[in-house]
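The next block holds one structure in the form of C-alpha cells; read it before the comments.
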Amino acid sequence: MSGKLGIKIDVDTLAGFAKGVPALLRELEEQEVKASFFLALGPDNSGKAIFRVFRQRGFLQKMLRTRAPAIYGLKTMCYGTLLPAPLIGAAAPEIPARIAAAGHEVGLHGYDHVRWHDQLFRWPPAAISREITAAQESFAALLPHRAEAFAAPGWQCSPASREVLRAENFLYASDTRGSTPYFPRFGHTVSPLLEIPTTLPTLDELLGLDGCRPRDFSDLVLSRLTQTSPQVLTIHAELEGGPYLDDFAQLLRRCRQQGVAFFRLEDWARELLQEPGKIPVAQVVNRRLPGRAGTVSCQGNLEAPPS
Ligand SMILES: [Zn+2]
C-alpha cells in the first residue's frame, strides 16, 4: 500500500499551543513528517464552550465519552468564565516560528475559536472581517509574513466568511468535511477560493463510539489510504499532542511502514491551482456527523468545474 496523507493540526487552546505543539513537533521531527498547523492565537475562551451543554444536543455526551475534563484540565475549562481568557499567541510567542523553522505550514484557525464556532452564522460580514483581521494581526506579530491558509473553527463556514477570506487573498481554506478539493457553492454563488476539506473522521469523534479504541481508529485511517485520492486527517494539539500522543506516533509509524507519502496542504493547494479549470464545484451543506455535537459544513455532491 502507498497512499498520500495530509496532516492538519488544529490548535484551539493555550494548553494545546504551549504544550501540545512542542510535543507534536518532536514526534513529527523524529518521524520526518511535514504537516500543516492551524493556530487560534486570540483569547482562549474554552470555559464558554461549557455553556454549549445547554444549547447543543450531544455536547455533554461527547465531553464525557472523550474524558474532556481530564484531557483539557480544569483551568482550561474555566477560561473565559471563572478565569479571564488568556491570549494564546502572546502567552508562548516563540511557538509559531518554531513550527515554521521545522518546515511545517503555519495557517490560521480563527482568532477566538469559541466565538467563531458559536456565533459565525449570526455575524454580519463586518464582524467576520474584524475577527479575521485580528487573527492576521496576531499572526503577523509572531511571524514575518501574513497567513495564507485558514481553517474554520469547528468546520463552520458561511458564504460571508468565504467572501471575507477571498477578499483577504488567502490562497485556500480548509473549512469543511468532504472527499476532494473543490470550489464551494452557496446557493447560486460559487466562491473562487479553493477549499481542501478534511476527508477522514477525527479521533475524538470516533473514540468510544461502538467501543472504538485508538488502534481501531488507526486501522480505519490506514484502510482509507488505499484510495487513490489523497486524504486529509485533522488532529488536535490538545489530544494527539497530549494524552493520545503515543497513539498518534504509532499511527505515523504504521503509515511510514506502508509507504504513505505525507504532504502539506499548502503545497497541494499550489499544485491544484496551476490548473483551476480541473477543480470541481460542490454545494456546501450543514450536516450532523457521528460523534460530533451540532452541525458542520460539509461538501455536497460534486459538479463539473466552472467554465
Ligand atoms: Zn478547532
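First residue of the sequence shown: 297, per the numbering used here; consecutive thereafter.
Yeah, the Cβ is synthetic: ideal placement off N, Cα and C, and Gly gets one too.
Same chain only: Cβ atoms within 6 Å of residue i, ignoring 5 sequence neighbours per side
| i | result |
| --- | --- |
| S525 | T476 |
| T372 | T309, A311, S342 |
| D261 | Residue 261 lies beyond the residue range present for the chain, which begins at 297 and ends at 603; the question has no answer from this structure. |
Spatial neighbours of residue i in its chain, beta-carbon cut-off 8 Å, leaving aside the 5 residues before and after
| i | result |
| --- | --- |
| V486 | F479, P480, V577, P602 |
| L439 | P392, A393, A396, V402 |
| L502 | C508, D512, F513, L516, P586, G587 |
Cβ-Cβ distance between residue i and residue j below 9 Å
| i | j | result |
| --- | --- | --- |
| A611 | L467 | It is not possible to answer for residue 611, since the shown part of the chain is limited to 297 through 603. |
| I391 | P318 | yes |
| S470 | V528 | yes |
| G406 | A431 | yes |
| H400 | K330 | yes |
| L404 | I492 | no |
| R520 | L489 | no |
| G376 | D340 | yes |
| S514 | D543 | yes |
| D408 | G504 | no |
Length of the line joining the Cα atoms of residue i and residue j
| i | j | result |
| --- | --- | --- |
| E326 | L320 | 10 Å |
| H532 | R411 | 18 Å |
| R322 | K304 | 16 Å |
| V580 | F417 | 14 Å |
| G369 | G316 | 13 Å |
| E599 | H484 | 13 Å |
| P572 | T498 | 29 Å |
| R442 | A398 | 18 Å |
| F334 | C594 | 19 Å |
| T522 | L378 | 47 Å |
| A345 | S434 | 22 Å |
| T495 | N597 | 14 Å |
| A422 | L547 | 42 Å |
Close Cβ partners of residue i (< 7 Å) along its chain, the five nearest in sequence each way excluded
| i | result |
| --- | --- |
| C374 | G343 |
| T591 | N582, R583, R584 |
| S457 | L416, I424, A448 |
Beta carbon proximity, residue i to chain D, threshold 9 Å
| i | result |
| --- | --- |
| L547 | Among the protein chains of the structure shown there is no chain D, as only one such chain exists. |
At least three beta-carbon pairs within less than 8 Å, the segment 562-581 to the segment 421-435: The way I'd put it, the segment 562-581 doesn't touch the segment 421-435; fewer than three beta-carbon pairs between them come closer than 8 Å.
Segment contact, 8 Å Cβ cut-off, at least three pairs: the segment 447-460 with the segment 553-560: Touching, no, given that fewer than three Cβ pairs across the two stretches are closer than 8 Å.
Relative to ligand 1, what is the chain-ordered list of residues with a Cβ closer than 7 Å to any of its non-hydrogen atoms? Those satisfying the condition are, in chain order, D306, D308, A336, H405, H409, P449, G450, H532.
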